[in-house]
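Protein chains in written order, with the numbering used here: chain A, 225 to 650; chain B, 3 to 174. Below: the structure, in structure tokens.
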Amino acid sequence: MPIAIACPAPTGAAKGGVRAAPALDAGDTMEATLRALVDATPTATLLFDAGQRVHYANPAARVLARLCAPEKGDRPLERVADWHPELLSTGALHLCSLHGSWSGEVILGIGRGQHKILLVHLSRIGPERFGMTVRDITQESVRESELHARNAELEVAYEKLQGAQEQVMQSEKLASIGQLAAGVAHEINNPIGYVNSNLSTLQRYISQLFSAIQSYEAALAEGAGPAATDAIRQKLDLDFLVADVPQLLSESREGIDRVCKIVRDLKDFARKERSEDWVKADIHRGLDSTLNIIWNELKYKAQIVRTFGDLPPVECLPSELNQVFMNVLMNAGQAIKDQGIITVTTSVAGGRVRIDIGDDGEGIPADVLPRVFDPFFTTKPVGSGTGLGLAISYGIVSKHHGTIDVSSTPGQGTLLRIELPIEQPR
Amino acid sequence: MYRVLLVDDEPNILNALRRCLASIDVGQLDGEALKVEAFTSPERALERSEEQEFDLVISDYRMPGMDGVEFLSAMMELQPVVPRVICSGFADRDAIIAAVNEVQLARFIGKPWADEDLAAAVVSLLQPGRARPRAARGASRPPVSFEEASAHVTLVEQDDDGAIVLRSDDAE
Ligand SMILES: Nc1ncnc2c1ncn2[C@@H]1O[C@H](COP(=O)(O)OP(=O)(O)OP(=O)(O)O)[C@@H](O)[C@H]1O
Ligand SMILES: [Mg+2]
Chain A
225 MPIAIACPAP TGAAKGGVRA APALDAGDTM EATLRALVDA TPTATLLFDA GQRVHYANPA
285 ARVLARLCAP EKGDRPLERV ADWHPELLST GALHLCSLHG SWSGEVILGI GRGQHKILLV
345 HLSRIGPERF GMTVRDITQE SVRESELHAR NAELEVAYEK LQGAQEQVMQ SEKLASIGQL
405 AAGVAHEINN PIGYVNSNLS TLQRYISQLF SAIQSYEAAL AEGAGPAATD AIRQKLDLDF
465 LVADVPQLLS ESREGIDRVC KIVRDLKDFA RKERSEDWVK ADIHRGLDST LNIIWNELKY
525 KAQIVRTFGD LPPVECLPSE LNQVFMNVLM NAGQAIKDQG IITVTTSVAG GRVRIDIGDD
585 GEGIPADVLP RVFDPFFTTK PVGSGTGLGL AISYGIVSKH HGTIDVSSTP GQGTLLRIEL
645 PIEQPR
Chain B
3 MYRVLLVDDE PNILNALRRC LASIDVGQLD GEALKVEAFT SPERALERSE EQEFDLVISD
63 YRMPGMDGVE FLSAMMELQP VVPRVICSGF ADRDAIIAAV NEVQLARFIG KPWADEDLAA
123 AVVSLLQPGR ARPRAARGAS RPPVSFEEAS AHVTLVEQDD DGAIVLRSDD AE
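Okay, here's the thing in structure tokens:
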């Protein structure tokens, strides 16, 4: 017998439940209790036979019915298909009779381009009987797919940011190298200048020597005495030449060594690193080659005092750390107006490597101090600072699981402390 | 005798410049000897310039304490007519332009330089065979001649008739 949706009110059901609580009564009390329970369940629950005729529907199903077929109002709905032709597919019913149950999501068009997403569970509860629970998950799945979309967007944005950060880092590196280029050119052109000039001189000296040899040979052939050879010596200034050649050569050697060193340091410095290039490296070597590179920026202003402790090799991306050292050292140099001292001190403290870079420059006012690591924060004139130096240094040090801290006394100087773990956490 | 003042913070440069100048044949300088004084400190060079007149000054651009333009402007106060040359590997165009404008450079010689070019520049700036202002100077400053007053004195040349001709670098 079909059951109309008009069912006992939930309040009545609750009372029935309370009344049935002793549960010691006859079987019909138990049935009433179960019925009260199903009536009170917020999930739409139907009972129907193989012919899809509905025998029972709880009050929550009424809400669902109205949702599925608003135009049908509260009229009794005798067959499942009356609720909505797509609510129960024959396939699902078939699978349920085969396996005893079936669950799945069903999407129902409810007119005006709208749709509902329902979580449907079918179970066979007798030879000709089926139970069906239906939960409206439209909101949840909208929220879920929104979340998915947001998440995907975020992932894309994150990837873009990573790319951008890499680019900014690379271009900051290029910019700082560009800044250095003039200085480096100067530093290389100086030794090349005198080596080149010395070579021309050497060429002249050699032709002088050749003519000396010829003159001596001629004098010898004529059997000339010491007075003649003395005259040749003086005329060709051989004494000066003999004294100058070794000096000229050692100065030139010095110049070539310097060029080689600068080129090597530049290579060390500017190598583009991949994230898999983590190596155990000597921090002191990085500090030295960076100091060499920027020496021409610093030497007119600052004396460098290095106090290097005993450091173990540190697992790092060396050229990225060099960039940190460069940024911090350049800042130190820029903070010194006329003449000053930059100290570079290394030590091991608490299982970490510590690099202190101090200067006795102008210092940082208290209101500026918290902002120095902010990207694009600069107190330097437009065009001379990008304000990325410390922001990027901070990023690099964090990537190394290290810390970078600044302390400063205006008018007295600034100390940048970098601490790095010796090994990266696995 | 011609006196040349060299200033560069790099002693090896000074030595190389000395050697280069030593190669100039005195015949090109009307038989006059070249006397070179070299300083690694621009301040010391200025002190020396207070007591000694020079015929040519060649300075580096980048030096500690004082850059080449600052040094040459101070030099200009002391000895307005001395031809001023900057010899530098500094590649900054703006700095070069500023130098040319501010201290009316006679020459900018890049590093590395070619010895022949430098020698030729020195010879031409010393202007041997010309009435030399320094030779005319007594203990006190002589009346300022047109050539002395003109910043271009080192850039002009007189032709055989004594007329001043403008000399451009390419024309040399
Ligand atoms: N050693 C220091 N002494 C004084 N002020 C400093 C020092 N280091 C950093 N600062 C301050 O922190 C600001 C930010 O430094 P940061 O290196 O990030 O950028 P910048 O030096 O201004 O520009 P860029 O490094 O891109 O050329 C500087 O403008 C300066 O005000
Ligand atoms: Mg900086």
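The beta-carbon is built from N, C-alpha and C at its ideal position, and this holds for glycine as well. It should be emphasised that the depicted structure is a prediction, and the values quoted were computed from it without experimental measurement.
Using three-state DSSP, classify ALA505 (chain A) as helix, strand or coil. Residue mapping note: residue 505 (chain A) aligns to position 281 of the first sequence, counting from 1. ALA505 (chain A): strand per DSSP, three-state reduction.
Between the C-alpha atoms of SER435 (chain A) and GLN471 (chain A), what's the straight-line distance to the nearest angstrom? Your numbering for residue 435 (chain A) matches position 211 in the first sequence. Your numbering for residue 471 (chain A) matches position 247 in the first sequence. Straight-line Cα distance between these residues: approximately 22 Å.
Check whether the Cβ of SER75 (chain B) lies closer than 7 Å to any Cβ atom in chain A. Start at 1 with the first residue of the second sequence, and residue 75 (chain B) comes out as number 73. With 7 Å as the cut-off, SER75 (chain B) does not count as an interface residue toward chain A.
Identify the residues that DSSP records as bridge partners of LEU342 (chain A): which are they? Position 118 of the first sequence, counted from the start, is the residue given in the question as residue 342 (chain A). Its beta-bridge partners are A:VAL330, A:ASP360.
Got a sec: which bits of the stretch 105-120 of chain B sit with their beta carbon under 9 Å from any beta carbon on chain A, in order along the chain? GLY112, LYS113, PRO114, TRP115, ALA116, ASP117, GLU118, LEU120
On the DSSP letters alone, give me the boundaries of the beta strand (DSSP E) that ARG303 (chain A) sits inside. If you number the first sequence from 1, residue 303 (chain A) lands on position 79. That residue, ARG303 (chain A), is in no beta strand (DSSP E); it is neither H nor E in DSSP.
What residues in the stretch 425-450 of chain A bring their beta carbon closer than 8 Å to a beta carbon of chain B? THR425, ARG428
Using a beta-carbon distance below 7 Å, is PHE41 (chain B) in contact with chain A? As a position in the second sequence, residue 41 (chain B) is number 39, starting the count at 1. So no, PHE41 (chain B) is outside the interface.
ASP62 (chain B), buried or exposed, once every other Cβ within 10 Å from all chains shown has been counted against 16: Translated into the one-based positions of the second sequence, residue 62 (chain B) becomes position 60. Buried, since its Cβ has 16 or more Cβ neighbours within 10 Å.
Would the beta-carbon of LEU612 (chain A) be found less than 6 Å away from any heavy atom of ligand 1? Against the first sequence, residue 612 (chain A) aligns to sequence position 388. Yes, the Cβ of LEU612 (chain A) comes within 6 Å of a heavy atom of ligand 1.
Beta-bridge partners of PHE73 (chain B), as assigned by DSSP: Here residue 73 (chain B) corresponds to residue number 71 of the second sequence, with the count starting at 1. Answer is none; PHE73 (chain B) lacks a bridge partner.
Pick from B:LEU58, B:GLN129, B:ALA100 that is closest to PHE92 (chain B), judged by C-alpha positions: Here the question's residue 92 (chain B) lines up with position 90 in the second sequence. Comparing Cα positions, the closest option is B:ALA100.
One or two residues paired with ILE88 (chain B) in a DSSP bridge: As a first step, residue 88 (chain B) must be located in the second sequence, where it is residue number 86. For ILE88 (chain B), which the question treats as bridged, DSSP gives the partners B:SER61, B:PHE110.
Same chain only: Cβ atoms within 6 Å of ALA573 (chain A), ignoring 5 sequence neighbours per side: Within the first sequence, the letter at position 349 stands for residue 573 (chain A). Within the same chain, ALA573 (chain A) has no close Cβ partners at all.
Per DSSP, ARG488 (chain A) forms a beta bridge with which residues? Locating residue 488 (chain A) in the first sequence gives position 264, counting from the first residue. In DSSP, ARG488 (chain A) forms no bridge with anything.
My guess is that ASP598 (chain A) and LEU639 (chain A) are in contact by the Cβ rule of under 8 Å, so how many angstroms apart are they, rounded? Within the first sequence, residue 598 (chain A) is the residue found at index 374, counting from 1. Within the first sequence, residue 639 (chain A) is the residue found at index 415, counting from 1. The distance from the Cβ of ASP598 (chain A) to that of LEU639 (chain A) is about 19 Å, inconsistent with a contact at the 8 Å cut-off.
Residues sharing a beta bridge with LYS37 (chain B), DSSP: Here residue 37 (chain B) refers to the residue found at position 35 of the second sequence. Bridge partners of LYS37 (chain B): B:ARG5.
Whole runs of the alpha helix (DSSP H) within the stretch 515-573 of chain A, excluding any shorter than 4 residues: 519-522, 542-559
Reduced DSSP category for PRO470 (chain A) - H, G, I as helix; E, B as strand; rest coil: The residue given as residue 470 (chain A) occupies position 246 in the first sequence. Reduced to three states, the DSSP call for PRO470 (chain A) is helix.
Beta-carbon neighbours of GLU45 (chain B), restricted to chain A and to distances below 7 Å: As a first step, residue 45 (chain B) must be located in the second sequence, where it is residue number 43. Chain A residues near GLU45 (chain B): none, gap ~13 Å exceeds 7 Å.
Spell out the partners DSSP gives ALA268 (chain A) in its beta bridges. Numbered from its first residue, the first sequence carries residue 268 (chain A) at position 44. Answer is A:VAL358, bridged to ALA268 (chain A).
Does chain A have any CB closer than 7 Å to the CB of GLY70 (chain B)? Position 68 of the second sequence, counting from 1, holds the residue named residue 70 (chain B). No - not a single Cβ of chain A is within 7 Å of the one on GLY70 (chain B).
Is VAL577 (chain A) helix, strand or coil by DSSP? Mapped onto the first sequence, residue 577 (chain A) falls at position 353. VAL577 (chain A): strand per DSSP, three-state reduction.
Could you spell out the range, first to last residue, of the beta strand (DSSP E) harbouring GLU643 (chain A)? For the purposes of this step, residue 643 (chain A) is taken as residue 419 along the first sequence, with counting starting at 1. First-last of the beta strand (DSSP E) with GLU643 (chain A): 637-645.
Mind pulling the chain B residues with CB within less than 8 Å of SER571 (chain A)? Reading the first sequence from its first residue, position 347 is the one you call residue 571 (chain A). Within 8 Å Cβ-Cβ: nothing; SER571 (chain A) doesn't reach chain B, min ~31 Å.
Can you round the beta-carbon distance between LEU311 (chain A) and TRP326 (chain A) to whole angstroms, since I take them to be within the 8 Å contact cut? Working through the first sequence from its first residue, we reach residue 311 (chain A) at position 87. Working through the first sequence from its first residue, we reach residue 326 (chain A) at position 102. About 13 Å separates the two Cβ atoms, so there is no contact after all.
The alpha helix (DSSP H) enclosing SER631 (chain A), as first and last residue numbers: Position 407 of the first sequence, counting from 1, holds the residue named residue 631 (chain A). It is not in any alpha helix (DSSP H) - SER631 (chain A) instead sits in the beta strand (DSSP E) that spans 627-633.
By Cβ distance, which residues of its chain are closer than 7 Å to SER617 (chain A), with the 5 residues on each side in sequence left out? Along the first sequence, one-based indexing puts residue 617 (chain A) at 393. Excluding positions up to five away in sequence, the list reads VAL548, ASN551, VAL552, ILE628.
Measuring straight from C-alpha to C-alpha, what distance separates PRO266 (chain A) and THR362 (chain A)? Residue mapping note: residue 266 (chain A) aligns to position 42 of the first sequence, counting from 1. Residue mapping note: residue 362 (chain A) aligns to position 138 of the first sequence, counting from 1. So the alpha carbons of these two residues sit roughly 16 Å apart.
Neighbour-count burial assignment, ILE620 (chain A), 16 or more Cβ in a 10 Å radius: In the first sequence, counting from the first residue as 1, residue 620 (chain A) sits at position 396. With 16 or more other Cβ atoms within 10 Å, it is buried.
Answer yes if the stretch 60-80 of chain B comes into contact with the stretch 417-435 of chain A, meaning at least three C-beta pairs across the two stretches below 8 Å, and no otherwise. no
Give a single yes or no on whether VAL596 (chain A) has its beta carbon closer than 6 Å to a heavy atom of ligand 1. In the first sequence, residue 596 (chain A) corresponds to position 372, counting from 1. VAL596 (chain A) has its Cβ nearer than 6 Å to a heavy atom of ligand 1.
The alpha helix (DSSP H) with ALA284 (chain A) in it runs from where to where? Numbered from its first residue, the first sequence carries residue 284 (chain A) at position 60. Looking at the DSSP string, the run of the alpha helix (DSSP H) that includes ALA284 (chain A) is 283-292.
Which word fits PRO351 (chain A), buried or exposed, when buried means at least 16 other C-beta atoms lie within 10 angstroms of its C-beta? The count along the first sequence starts at 1 and reaches residue 351 (chain A) at position 127. Residue burial is scored here from C-beta neighbours: PRO351 (chain A) has fewer than 16 other C-beta atoms within 10 angstroms and is therefore classed as exposed.
Step through the CB atoms of chain B and report whether any lies within less than 7 Å of the CB of ILE616 (chain A). Taking the first sequence and counting its residues from 1, one reaches residue 616 (chain A) at position 392. False, the Cβ-Cβ gap to chain B never drops below 7 Å.
With 16 other Cβ atoms within 10 Å as the buried cut-off, status of GLN106 (chain B): If you number the second sequence from 1, residue 106 (chain B) lands on position 104. Classification for GLN106 (chain B): buried.
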